[in-house]
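Novice:
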Amino acid sequence: MPQQVRGVIARSKGAPVELTDIVIPDPGPGEVVVAVAACGVCHTDLTYREGGINDDFPFLLGHEAAGTVESVGEGVDSVQPGDFVVLNWRAVCGRCRACKRGRSQYCFNTFNASQKMTLTDGTELTPALGIGAFADKTLVHAGQCTKVDPSADPAVVGLLGCGVMAGLGAAVNTGGVSRGDSVAVIGCGGVGDAAVVGARLAGASKIIAVDRDEKKLAWAADLGATHTVNAGEVDVITAIAELTGGFGADVVIDAVGRPETWKQAFYARDLAGTVVLVGVPTPDMKLDMPLLDFFSRGGALKSSWYGDCLPERDFPMLVDLYLQGRLPLEKFVSERIALEEAEKAFHTMHAGEVLRSVVVL
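With the first letter of the sequence shown counted as 1, position 302 gets the number 302 in UniProt numbering; the numbers rise by one all the way through.
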């Protein structure tokens with residue numbers, strides 16, 4: 001039987017979010033109902049609320065989540081009721097041209113649940129990133145569920161579902177940071193600080209955190225940055241060069257996603273170094289740069305989609321590292337809040353007062 005539960009929705013562009021009753025259908029073929037234990041408040045959810053993704057209102061917000069499988073639909077054998085899972089928005093198909101070439105992290109045909117969750121009047125909801133986890137329960141595709149060690153704190157490991165994985169993967173997977181590398185991270189919010197953690201995990205010898213906010217620079221230092229640069233006080237490119245023997249960093253990660261920060265990343269890298277763009281630009285942003293500079297500096301210019309992760313490969317490994325005390329994921333949880341506090345959490349996040357607020361159910 002369909003279930004009626006609580007959920008946080010964005011009914012129209014820019015309007016405050018609402019806690020209301022929603023209807024979760026029984027899982028169909030390939031689908032799973034998950035009882036949500038915790039869900040992080042991500043900037044992407046705010047972007048949905050502001051109409052920055054699309055206009056398919058009303059949205060069921062929330063996507064950085066962990067919980068327990070409650071029921072499964074026909075043909076589901078990857079998870080079963082009682083499994084503790086982290087939700088992901090890259091359920092790879094295994095059949096597209098990327099998957100067939102062994103590059104499933106670029107899957108071009110990812111899965112979501114086929115059925116729609118609705119309001120009690122039958123209005124169909126659009127789940128954020130195909131998940132919609134600001135709710136007591138949610139309906140997802142089985143491939144969006146990744147089993148991890150059930151002893152892990154759901155408020156902590158659920159953050160792997162988006163922001164933490166995006167930043168950490170930008171360093172480890174996309175940037176290919178390795179032992180002894182110098183790394184600079186521009187923008188030290190949740191994603192940027194996760195890139196700092198990833199660089200440290202990979203064995204970087206020098207990790208330079210760049211931001212205009214001293215509070216964020218302090219967060220980055222606590223998470224493993226060896227040096228900090230206040231972009232409001234000094235020239236970023238010069239400062240990074242001075243910290244790397246005049247050469248520039250081996251890998252520079254732009255976690256802001258603006259033309260000016262991307263240019264800083266480009267010119268702050270060593271010859272043949274790597275730039276990774278993980279901050280998301282808006283459609284109106286453009287670059288105007290000499291083409292000769294691209295040729296003469298060599299190296300690699302990469303964009304990182306979801307940290308180029310494979311959830312079934314990366315999530316269990318990272319959860320294990322967290323449980324071993326080798327990955328400080330718990331430091332990303334700034335506060336634990338109730339479901340009805342989601343709107344307040346957006347304001348707290350926008351003000352830069354937290355790394356992550358996490359809704360705990």
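Even glycine gets a Cβ: it sits at the ideal position worked out from N, Cα and C.
1. Select from Leu321, Leu329, Lys344 and Glu312 the residue whose C-alpha is nearest the C-alpha of Gly143.
2. Roughly how many whole angstroms lie between the Cα atoms of Ile240 and Val36?
3. Would you call the segment 55-68 in contact with the segment 153-164, where contact means no fewer than 3 C-beta pairs closer than 8 Å?
4. Can you give the Cα-Cα distance for Ala61 and Pro127, rounded to whole angstroms?
5. Which residue's Cα is closest to the Cα of Ile337: Tyr322, Glu343, Gly325 and Val358?
6. Leaving aside the five residues before and after Gln4 along the sequence, list all residues of the same chain whose C-beta is less than 6 Å from its C-beta, in chain order.
7. Which full runs of the alpha helix (DSSP H) of 4+ residues lie inside the segment 255-324, going along the chain?
8. May I have the straight-line CA-CA distance separating Asp77 from Ser71, to the nearest angstrom?
9. Whole angstroms is fine: what's the gap from Gly352's alpha carbon to Gly189's?
10. Taking Lys147 as the reference, which of Val32, Glu260, Ala218 and Pro58 has the closest Cα?
11. In terms of residue numbering, what span does the beta strand (DSSP E) encompassing Cys93 cover?
12. Let me know the secondary structure DSSP gives Thr126 once reduced to three states.
13. Expressed to the nearest angstrom, what Euclidean distance is found between the alpha-carbon atoms of residue 367 and Gly246?
14. Please report the straight-line C-alpha distance between Leu139 and Asp55, rounded to a whole angstrom.
15. Taking the alpha carbon of Ile53 as the reference point, which residue from Ala10, Ala38 and Phe315 has its own alpha carbon closest?
16. Enumerate in chain order the residues of its own chain whose CB-to-CB distance from Lys216 is below 6 Å, with the five nearest sequence positions on each side excluded.
17. At what residue ranges does the segment 103-188 contain a whole run of the alpha helix (DSSP H), taking only runs of 4 or more?
18. Beta-carbon separation of Val229 and Ile208 under 8 Å?
19. Measuring CA to CA, which of Leu291, Gly198, Asn88 and Phe295 is closest to Val251?
20. Can you tell me which of Ser205, Val85, Leu87 and Phe108 puts its alpha carbon nearest to the alpha carbon of Gly94?
21. With distances taken between CB atoms, is the gap from Ala231 to Gly192 smaller than 8 Å?
22. In the structure shown, what three-state DSSP assignment does His43 receive?
23. Buried or exposed for Ala272, going by 16 or more other Cβ atoms inside 10 Å?
24. Quick one: using the 10 Å Cβ neighbour count with 16 as the cut-off for buried, is Gln324 buried or exposed?
25. Counting C-beta neighbours from all protein chains within 10 Å, is the total for His227 16 or more, i.e. buried, or is it exposed?
26. Less than 8 Å between the beta carbons of Ser205 and Gly224, yes or no?
27. As a quick exercise: from Glu340, Val17 and Ala184, pick the residue whose alpha carbon is nearest that of Glu50.
28. Quick check: the segment 304-323 against the segment 158-170, are there 3 or more CB pairs under 8 Å?
29. Beta-carbon within less than 6 Å of Tyr322's beta-carbon, same chain only, minus the 5 sequence neighbours each way: which residues are those?
Specialist: So, to answer that:
1. As a working mapping, residue 143 is identified with position 143 in the sequence shown. Answer by Cα proximity: Glu312.
2. On the sequence shown, residue 240 is found 240 positions in, with the first residue counted as 1. On the sequence shown, residue 36 is found 36 positions in, with the first residue counted as 1. Cα to Cα, Ile240 sits roughly 43 Å from Val36.
3. A contact exists between the segment 55-68 and the segment 153-164.
4. Mapped onto the sequence shown, residue 61 falls at position 61. Mapped onto the sequence shown, residue 127 falls at position 127. Note on identity: in this sequence residue 61 is Leu, with Ala being the wrong assignment. The alpha-carbon atoms of Leu61 and Pro127 are separated by roughly 6 Å.
5. Here residue 337 corresponds to residue number 337 of the sequence shown, with the count starting at 1. Comparing Cα positions, the closest option is Val358.
6. Position 4 of the sequence shown holds residue 4. In its chain, beyond the 5 residues on either side, Asp21 and Val23 have a beta carbon closer than 6 Å to the beta carbon of Gln4.
7. Counting only runs of at least 4 residues, the segment 255-324 fully encloses the following alpha helix (DSSP H) elements, listed from N- to C-terminal order: 259-267, 291-297 and 311-323.
8. Within the sequence shown, numbered from 1, the residue matching residue 77 stands at position 77. Within the sequence shown, numbered from 1, the residue matching residue 71 stands at position 71. About 12 Å.
9. As a working mapping, residue 352 is identified with position 352 in the sequence shown. As a working mapping, residue 189 is identified with position 189 in the sequence shown. Taking the straight line from one Cα to the other gives about 8 Å.
10. As a working note, residue 147 is residue 147 in the sequence shown. It is Val32.
11. As a working mapping, residue 93 is identified with position 93 in the sequence shown. Cys93 -> no beta strand (DSSP E), and no H or E assigned at all.
12. Your numbering for residue 126 matches position 126 in the sequence shown. In this structure, Thr126 counts as strand in the three-state DSSP scheme.
13. No information on residue 367 is available, as it lies outside the stretch 1 to 361 that the chain covers here.
14. Your numbering for residue 139 matches position 139 in the sequence shown. Your numbering for residue 55 matches position 55 in the sequence shown. Taking the straight line joining both Cα atoms gives about 21 Å.
15. One-based indexing of the sequence shown puts residue 53 at position 53. When only C-alpha atoms are compared, the closest one is Ala10.
16. By one-based count along the sequence shown, residue 216 stands at place 216. Closer than 6 Å at the Cβ level, and outside the excluded window around Lys216, lie Cys188.
17. You should have 154-157 and 163-169.
18. One-based indexing of the sequence shown puts residue 229 at position 229. One-based indexing of the sequence shown puts residue 208 at position 208. A contact, by the Cβ cut-off of 8 Å.
19. The residue you call residue 251 lines up with position 251 of the sequence shown. With distances taken between Cα atoms, Val251 lies closest to Gly198.
20. For the purposes of this step, residue 94 is taken as the residue at position 94 of the sequence shown. For the residues Ser205, Val85, Leu87 and Phe108, the minimum Cα distance to Gly94 belongs to Phe108.
21. Taking the sequence shown and counting its residues from 1, one reaches residue 231 at position 231. Taking the sequence shown and counting its residues from 1, one reaches residue 192 at position 192. Result no, Cβ atoms of Ala231 and Gly192 do not sit closer than 8 Å.
22. Within the sequence shown, numbered from 1, the residue matching residue 43 stands at position 43. The three-state secondary structure of His43, taken from DSSP, is helix.
23. Residue 272 sits at position 272 when you count from the first residue of the sequence shown. It counts as exposed.
24. Counted from its first residue, the sequence shown places residue 324 at position 324. Gln324 comes out exposed.
25. Counting from one through the sequence shown, the residue named residue 227 turns up at place 227. By the neighbour-count rule (16 or more Cβ atoms within 10 Å), His227 is buried.
26. Working through the sequence shown from its first residue, we reach residue 205 at position 205. Working through the sequence shown from its first residue, we reach residue 224 at position 224. Their beta carbons are not under 8 Å apart, which means Ser205 does not touch Gly224 by this criterion.
27. For the purposes of this step, residue 50 is identified with residue 50 of the sequence shown, where counting begins at 1. The shortest Cα separation from Glu50 among Glu340, Val17 and Ala184 belongs to Val17.
28. yes
29. By one-based count along the sequence shown, residue 322 stands at place 322. The answer, listed in chain order, is Leu329.
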